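Following: one structure in structure tokens, then a few remarks.
In the numbering used here, the protein residues as written are 1 to 494.
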């Protein structure tokens, strides 16, 4: 096991002493469910410390939940029951001896399969990949493992993370636990499904245009896309982030205490800050809240989604926030430039694959990427300039408000068998006009459940903050989670 500080990391815990963190979590804990698989991560450390529950009991409950659901959901890859049991036994021994590594010690975690974990291949969701075991953990899994978290499985993703669905040429079709005929979203498909189904409390996703927030919204969970560079990743890329996907805001905050620790492999990371992530108290009185119901491009918002987001905005108004309608800053030209740039980027990355491997990529994705073979250097440059324009316009826009509310997606979860809601490879991004801009502006942005369609499908509210205000987004989301009142239960296996 690596020691804290390897690969550029530091001691993996926040400034508050362990006993103080556990006491704070004990004071704020709600009544816990009967099944340990459904316990919040914030409830586990106090239970481990008191001896009321052990990490071994929790991982057994989680593995039983996976066994009950997985035949329908197909949310995991490289499930490792025996490795998880061994890690849980080690965590149990540390808690019993008073040597716990911190509040994440013994807590079950899944990692999106595109994020490297040592000894496990990273197929990138596609049958075109070479299945070579990763030599080391990427930064976030390294920090979680240092903190004692029990990494028991990877979670599924579509080919190269290029879809907002659970459709993959490598993995079986991943489905939404609220309705098995619907997609969980993507590209953090398995993470969204796993969190909603109760595969333990903590799940790590990645996001370059909405891949944390879309499945969070469509699966009824909480997902945070941090400011770019807040959570070190390897390899880093324009717009790419890693972040928590959980059932509660507090669990996401607890996960941030570990995954934000430094790692020298990310040359785009932000300087580390000693943020007290678990300090989530506060209200919204006096905050300037923008309400954006038109993204400026892409698909129009469906009525059920509009009604749920408008109702959420009224909750903020009732809490004393000043809510004002916000006109979009995104333009169709900016949106199309994003498509041009990333289509050409993906063509450059796949065009030299051997034909037998290239042909294994989903036909929909090949149909999207192949027109980029004719993109000129000038067109590529113009596409990149539109990304710069998104950044400039979006950051200026954000100065008008403390936070901005919007739908996560214009529609609820669509047919599980489709690659995207419109099934059109010439317009694959029309549903990400609300989510993608925050990747280009590098702003923190979260998805939190705010309602259901008439058919019972979850609807996500997006809360976006100014650059680097990740903690503020979490605090506002925590306030809304409390203010929205009693909420529905979670889906159960058939």
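All C-beta atoms in this analysis are idealised placements derived from N, C-alpha and C, irrespective of residue type, glycine included.
Please read all numbers here as calculations on a predicted model, not as lab measurements.
For the set 470, 434, 100, the Cα lying nearest the Cα of residue 260 is the one of 470.
When C-alpha distances from residue 474 are compared across 379, 156, 284, 395, the shortest belongs to 284.
Note that the C-beta distance between residue 148 and residue 158 is not below 8 Å. The DSSP-derived three-state label of residue 155 is strand. Within the model, the alpha-carbon separation for residue 314 versus residue 225 is close to 24 Å. Where residue 222 is concerned, the enclosing beta strand (DSSP E) starts and stops at 222–225. Judged by their CB atoms, residue 395 and residue 467 are nearer to each other than the 8 Å cut-off. Contact check between the stretch 433–440 and the stretch 367–382: fewer than three CB pairs, one atom from each, fall below 8 Å, which does not count as touching. The beta carbon of residue 346 lies closer than 6 Å to those of 369 in the same chain, with the five residues before and after it left out.
Under the DSSP assignment, residue 231 falls outside any beta strand (DSSP E); it carries neither an H nor an E label. Ranked by how close their Cα comes to the Cα of residue 336, the residues 432, 287, 348 have 432 in first place.
If you check the CB distance, residue 316 and residue 275 do not come in under 8 Å.
Inter-segment contact for the stretch 175–192 and the stretch 412–430 is present: three or more beta-carbon pairs are separated by less than 8 Å.
Secondary structure of residue 404 (DSSP, three-state): strand. Residue burial annotation: residue 423 is exposed, with fewer than 16 other C-beta atoms found within 10 angstroms of its C-beta.
In the displayed model, residue 204 falls within a strand according to three-state DSSP. In the displayed model, residue 449 falls within a strand according to three-state DSSP. Taking the C-beta atoms as reference points, residue 304 is found no nearer than 8 Å to residue 407. Between residue 91 and residue 55, the gap from beta carbon to beta carbon is short of 8 Å. Sixteen is the threshold: since fewer than 16 other Cβ atoms of the shown chains lie within 10 Å of the Cβ of residue 388, the residue is exposed. The beta carbon of residue 77 sits closer than 8 Å to the beta carbons of 113, 123, 153, 154, 155, 156, 171, 190 from its chain, once the five residues preceding and following it are set aside; these are given in chain order. Taking all protein chains shown into account, residue 270 has 16 or more neighbouring C-beta atoms within 10 Å of its C-beta and is therefore buried. DSSP lists 206 as the beta-bridge partner residues of residue 242.
Where residue 46 is concerned, the enclosing alpha helix (DSSP H) starts and stops at 41–50. In the displayed model, residue 38 falls within a helix according to three-state DSSP.
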